[in-house]
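Asker: Supplied in structure tokens, the structure appears directly below.
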Amino acid sequence: VFKRFVEIGRVAFISFGPHAGKLVAIVDVIDQNRALVDGPCSGVRRQAMPFKCMQLTDFVLKFPHSARQKCVRRAWEKENINEKWSATRWAKKIEAREKKAKMTDFDRYKVMKAKKMRNRIIKHEMKKLQRMASKKGKKPGKPEKAVKGKKPEKAPKAKKPEKTPAPKAQKAQ
Amino acid sequence: MAGEKAPAEKKPAEKKPAKKKAGDKKPAEQKPSQKAAGDKKKRVKKYHASRNPTLARGIGRYSRSAMYARKALYKRKYTAPETKIEKKKKEMPRATITKPVGGDKNGGSRVVKIRKMPRYYPTEDVPRKLLSHGKKPFCEHKRRLRASITPGTVLILLTGRHRGKRVVFLKQLDTGLLLVTGPLAVNRVPLRRAHQKFVIATSTKVDLTGVKIPKHLTDSYFKKKRLRKPKHQEGEIFDTEKEKYELTEQRKADQKAVDSQILARIKKVPQLRGYLRSTFCLSNGVYPHKLVF
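Chain order of the listed sequences is A and B.
Take 1 as the starting number for the first sequence in my numbering and just add one per residue.
Take 174 as the starting number for the second sequence in my numbering and just add one per residue.
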């Protein structure tokens, strides 16, 4: 039922508070509500932090309990947590949300045009397949999945290509 | 009366009609006052002793009028050289003007006073107003411009017949209104004035370096014209007001001059033309306070 546990070395994401948005490693457990926490590579000093503001990630580091910061840092860099984190979908979603909030009016227009173009292409292909299916009787709809996969690459010539696939990728789920 | 100086003080050889007289000579009796202007050089300047013997300190024997007679000032009336005053005095403002008058039997012209007497005197005097400071007329007000609005910024108009349209900002006019253009070919907004408060400034900017806006585009150029010639009776006044706006050739020419420069720059930015053609609107889930413009 539960897959991620609080343990020594568990990397956690801080969801609110002064260090919101940063990653830390749990070094020790103080009591039922607090943990000693350290984030040498993410700019969080070693401190006590309530569990409530932490969200556990999939990453676990290996170091003994109450290890000093140098050891935590070594373990962190050995596992390359920062890169692994930015490769997860979780981090990508956060980044996409930030980008969307920073969109200016012009960007919103460009995204609207891009989405419109994309939807038109999809609809066009769908209609083609439907026509073929209705004409030739039962035709399994295999090609449509391949068609959907192609769409995010058709980024328009807008200046923010990384932004447009990101919101489009969310919508395509 | 300490009128005259002792003659021993002044060296009369140095007689120049200059104002180099030291001390307490009366200003009316300057040296150039000699009647014998001709024999300046020969005549030795001699000053008379005081003609008013003192009785006690500060008190003379003779009165002012007696001294006037004793010093023969009735013969010695001098006027200062009048060149500058004469010149100023010559320029008296014109009091009347001659105006032509129409009609056959009216004699052609009349002499009319320029400054006429008041035709009404109020029965009660207006009380004197207290002094105030800092109350300036509109023409002297300080005009401000938001930092987000610079030449070339794309603005979203919020009021007026062009509401929702995105428009390029050119410059701020003297009254503080913003001069703005569509351009006309893009979204049918001509050269027009917009109010700063009823406009959203986006962060999108068109590069307007080197664009020359004609100097004659001022507030008076854009002001609505009202003709004031109520020669008609009551029933006909409402007909003759020019309600329809007529497009003049000058407006077209100015529009073309400005737009041709701007359109070239708009074409350089991809998708900007389409952006200016679109209108701004809110829909579900879109909150203006959360949007970044």
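Note that CB positions come from ideal geometry on N, CA and C, so glycine has one too.
1. MET103(A) versus chain B: which residues are under 8 Å apart at the beta carbon?
2. Residues of chain B with CB under 8 Å from PHE176(A), in chain order?
3. In chain A, what lies closer than 7 Å to TYR448(B) by C-beta?
4. Excluding the 5 residues flanking VAL72(A) on each side, which residues of the same chain have their C-beta closer than 8 Å to its C-beta?
5. Is it buried or exposed for ILE14(A), if we count other Cβ within 10 angstroms and need 16 for buried?
6. Can a CB atom of chain B be found closer than 9 Å to the CB of GLN170(A)?
7. Rounding to the nearest angstrom, what Cα-Cα distance links ASP427(B) and LYS263(B) in this structure?
8. For LYS156(B), name the three-state secondary structure that DSSP assigns.
9. When the Cα atoms are used, what is the spatial distance from ALA48(A) to ASN457(B)?
10. Looking at chain A, which residues of the segment 366-379 of chain B have a Cβ within less than 9 Å of any of its Cβ atoms?
11. Please report the distance separating the alpha-carbon of SER223(B) from that of THR269(B).
12. Compare the C-beta of PRO152(A) against all C-beta atoms of chain B and say whether one is closer than 9 Å.
13. Under 9 Å between C-beta atoms, does VAL353(B) make it to chain A?
14. Where are the alpha helix (DSSP H) runs, 4 residues long or more, that stay fully inside the segment 27-114 of chain A, in chain order?
15. List, in chain order, every chain A residue whose beta-carbon is nearer than 9 Å to that of SER456(B).
16. Nearest to GLN369(B) by CA position, among LEU346(B), VAL442(B), SER376(B), is which residue?
17. Would DSSP call LEU125(B) helix, strand or coil?
18. Can you grab the Cα-Cα spacing for the pair ALA191(B) / ARG216(B), in whole Å?
19. Taking 9 Å as the CB-CB limit, is ALA146(A) close to chain B?
20. Mind checking ALA101(A): buried by the 16 CB within 10 Å criterion, or exposed?
21. I need the boundaries of the beta strand (DSSP E) containing ARG365(B), first residue and last residue.
22. Quick one: measure Cβ to Cβ for VAL379(B) and ILE439(B), integer angstroms, because I've assumed they're closer than 8 Å.
23. Given a threshold of 16 other Cβ atoms within 10 Å of its Cβ, counted over all protein chains shown, does PRO205(B) qualify as buried or as exposed?
24. Can you pull the chain A residues whose beta carbon is under 7 Å from the beta carbon of SER451(B), in chain order?
25. Mind checking which residues open and close the beta strand (DSSP E) that includes VAL359(B)?
26. Going by beta-carbon coordinates alone, are VAL44(A) and ALA35(A) separated by less than 9 Å?
27. Expressed to the nearest angstrom, what Euclidean distance is found between the alpha-carbon atoms of THR391(B) and GLY307(B)?
Answerer: The relevant details are as follows:
1. Here the question's residue 103(A) lines up with position 103 in the first sequence. Here the neighbours are VAL465.
2. In this structure chain A extends from 1 to 173, so residue 176(A) is not present and cannot be described.
3. Reading the second sequence from its first residue, position 275 is the one you call residue 448(B). Those within 7 Å of TYR448(B) in chain A are PHE106, TYR109.
4. Mapped onto the first sequence, residue 72(A) falls at position 72. So the qualifying residues of the chain are ALA25, VAL27, ASP38, PRO40, LEU61, PHE63.
5. Within the first sequence, the letter at position 14 stands for residue 14(A). Buried, by the Cβ-count rule.
6. Your numbering for residue 170(A) matches position 170 in the first sequence. Caution applies to GLN170(A), whose pLDDT of 43 falls short of 50 and renders its modelled position unreliable; the model cannot decide the point.
7. Position 254 of the second sequence, counting from 1, holds the residue named residue 427(B). Position 90 of the second sequence, counting from 1, holds the residue named residue 263(B). If I take the Cα positions, the gap works out to 48 Å.
8. Residue 156(B) falls outside the range modelled here, since chain B spans only 174 to 466, and no answer is possible.
9. One-based indexing of the first sequence puts residue 48(A) at position 48. One-based indexing of the second sequence puts residue 457(B) at position 284. So the alpha carbons of these two residues sit roughly 42 Å apart.
10. ILE373, THR375, SER376, THR377
11. By 1-based counting over the second sequence, the position of residue 223(B) is 50. By 1-based counting over the second sequence, the position of residue 269(B) is 96. Put simply, the backbone Cα of SER223(B) is about 54 Å away from that of THR269(B).
12. Locating residue 152(A) in the first sequence gives position 152, counting from the first residue. Interpretation of PRO152(A) is limited by its pLDDT of 47, a score under 50 that renders its predicted location unreliable; no figure is taken from the coordinates.
13. To locate residue 353(B), count along the second sequence from 1; it is residue 180. It does not: the Cβ of VAL353(B) has no partner Cβ on chain A nearer than 9 Å.
14. As far as the segment 27-114 of chain A is concerned, its whole alpha helix (DSSP H) runs of at least 4 residues are 69-79, 81-87, 89-101.
15. What you label residue 456(B) is simply residue 283 of the second sequence in a count that begins at 1. None at all; the shortest Cβ gap to chain A is about 11 Å.
16. As a position in the second sequence, residue 369(B) is number 196, starting the count at 1. Minimum Cα distance to GLN369(B) is reached at LEU346(B).
17. Only positions 174 to 466 of chain B appear in the structure, and residue 125(B) is not among them; the question remains open.
18. For this step, residue 191(B) is matched to residue 18 along the second sequence. For this step, residue 216(B) is matched to residue 43 along the second sequence. For ALA191(B), the pLDDT reaches just 41, beneath the cut-off of 50, and the residue's location in the model is therefore unreliable, leaving the point undetermined.
19. Numbered from 1 along the first sequence, position 146 holds the residue referred to as residue 146(A). Residue confidence is low: ALA146(A) scores 48 on pLDDT, short of 50, so the model does not pin down where it sits. No coordinate-derived value is stated.
20. For the purposes of this step, residue 101(A) is taken as residue 101 along the first sequence, with counting starting at 1. Per the 10 Å Cβ criterion, exposed.
21. Residue numbering aside, residue 365(B) sits at position 192 when the second sequence is read from its first letter. Segment 365-367, the beta strand (DSSP E) holding ARG365(B).
22. Along the second sequence, read from residue 1 onward, the residue named residue 379(B) stands at position 206. Along the second sequence, read from residue 1 onward, the residue named residue 439(B) stands at position 266. The C-beta separation of VAL379(B) from ILE439(B) comes to about 6 Å, placing the pair in contact by the 8 Å criterion.
23. For the purposes of this step, residue 205(B) is identified with residue 32 of the second sequence, where counting begins at 1. Any reading at PRO205(B) must be qualified, since the residue scores a pLDDT of 49, below 50, and its modelled position is unreliable; the value itself is stated next. If you draw a 10 Å sphere on the C-beta of PRO205(B), you find fewer than 16 other C-beta atoms in it, and that means exposed.
24. Residue numbering aside, residue 451(B) sits at position 278 when the second sequence is read from its first letter. Residues of chain A passing the Cβ test: TYR109.
25. For the purposes of this step, residue 359(B) is taken as residue 186 along the second sequence, with counting starting at 1. Run containing VAL359(B): none in the beta strand (DSSP E); it sits in the alpha helix (DSSP H), 357-360.
26. Here residue 44(A) is taken as the residue at index 44 of the first sequence, counted from 1. Here residue 35(A) is taken as the residue at index 35 of the first sequence, counted from 1. Between VAL44(A) and ALA35(A), the gap from beta carbon to beta carbon reaches 9 Å or more.
27. Taking the first residue of the second sequence as position 1, residue 391(B) is located at position 218. Taking the first residue of the second sequence as position 1, residue 307(B) is located at position 134. Their Cα atoms are separated by approximately 27 Å.
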